[in-house]
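Engineer: Below you'll find the structure I mean.
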Amino acid sequence: MPQELKMQEALKQAIHAKKNLMDFYLKAAEVNKNPEGKRVLEQLAKEVRENVARFFDYYKGSDLGPFNDFINAPPHPDSAMLVSLQKALNANMSERKVRELALKEEEDMEKNFIMLAQKVVDPMARVVLEQVAKETRNHYDIIESEYARTMGMVHETDIDTYVRE
335 MPQELKMQEA
345 LKQAIHAKKN
355 LMDFYLKAAE
365 VNKNPEGKRV
375 LEQLAKEVRE
385 NVARFFDYYK
395 GSDLGPFNDF
405 INAPPHPDSA
415 MLVSLQKALN
425 ANMSERKVRE
435 LALKEEEDME
445 KNFIMLAQKV
455 VDPMARVVLE
465 QVAKETRNHY
475 DIIESEYART
485 MGMVHETDID
495 TYVRE
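For the sequence shown, the working numbering begins at 335 and goes up steadily by one.
Laid out in structure tokens, this is it:
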């Protein structure tokens, strides 16, 4: 049964989810020893920040405060993504495992926003949630590509070299 999720509520959920994701990427980049991996994570954090800014422009509520204060606030201590990352770091996980965690987080976020979009009544809210899911899929693809590159797997740019008809 569709739930009555309005545009402003959808924006607020997207803003919080993306802020958590940005914080995750910043922390993962901070501990990443591989320069290229660090660059990719920082680029993803930058893109997510831009997403949050775009959503923030449309959000009419005042409960989040000014954008710069919100975006620069310390990460939420209960962020599931950061808790998972911290556990991984405490277990001295490899960069490979951190990338795998990032893939899982992106995949989970995409599924959650797709599911939420299917349940909303407000067509504008549905569009926002579907856009968040699409952007999340794009980030997943970037991380997956970086993962393949660092693992020495065939990269999509090399596919013609390895696959002949």
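For glycine and all other residues, C-beta sits at the position ideal for the given N, C-alpha and C.
Treat the numbers as computed from the prediction; the structure is a model and nothing was measured.
Which residues bound the alpha helix (DSSP H) around A459?
Structural biologist: From DSSP, the alpha helix (DSSP H) with A459 extends over P457 to T484.
Engineer: Determine the burial state of R433: buried for a count of at least 16 other Cβ atoms within 10 Å of its Cβ, exposed for fewer.
Structural biologist: Result: buried.
Engineer: If you draw a straight line from the C-alpha of E440 to the C-alpha of T470, how long is it?
Structural biologist: E440 and T470: Cα-Cα distance of roughly 6 Å.
Engineer: Quick one, are the C-beta atoms of L435 and S418 less than 9 Å apart?
Structural biologist: A contact, by the Cβ cut-off of 9 Å.
Engineer: State buried or exposed for A407, treating a residue as buried only when at least 16 other CB atoms are found within 10 Å of its CB.
Structural biologist: Exposed is the call here.
Engineer: Nearest to Y481 by alpha carbon, out of N354, K372 and V454?
Structural biologist: Here the closest residue by C-alpha is K372.
Engineer: How would you call N402, buried or exposed, if buried means at least 16 neighbouring beta carbons within 10 angstroms?
Structural biologist: Exposed is the call here.
Engineer: Tell me, please, whether the CB atom of Y359 is closer than 9 Å to any CB atom in chain C?
Structural biologist: Looking at the structure shown, chain C is missing, and only one protein chain is on hand.
Engineer: Once the 5 residues before and after L398 are set aside, which same chain residues still bring their CB inside 6 Å of it?
Structural biologist: The residues are F404.
Engineer: Within the same chain, show all residues whose beta-carbon is closer than 7 Å to that of R383, passing over the 5 residues directly before and after it, in chain order.
Structural biologist: Counting only Cβ-Cβ distances below 7 Å, and skipping sequence neighbours, we find M356 and I405.
Engineer: From N354, S396 and R483, pick the residue whose C-alpha is nearest to that of L378; which is it?
Structural biologist: Ranking the options by Cα distance to L378, first place goes to N354.
Engineer: For the alpha helix (DSSP H) that contains P400, what are its first and last residues?
Structural biologist: Where P400 is concerned, there is no enclosing alpha helix (DSSP H), given that its DSSP letter is neither H nor E.
Engineer: Just verifying my parser: in three-state terms, what is the DSSP assignment at K353?
Structural biologist: If DSSP states are grouped into helix, strand and coil, K353 belongs with the helices.
Engineer: Classify Q452: buried if its beta carbon has 16 or more other beta carbons within 10 angstroms, exposed otherwise.
Structural biologist: By the 10 Å Cβ count, Q452 comes out exposed.
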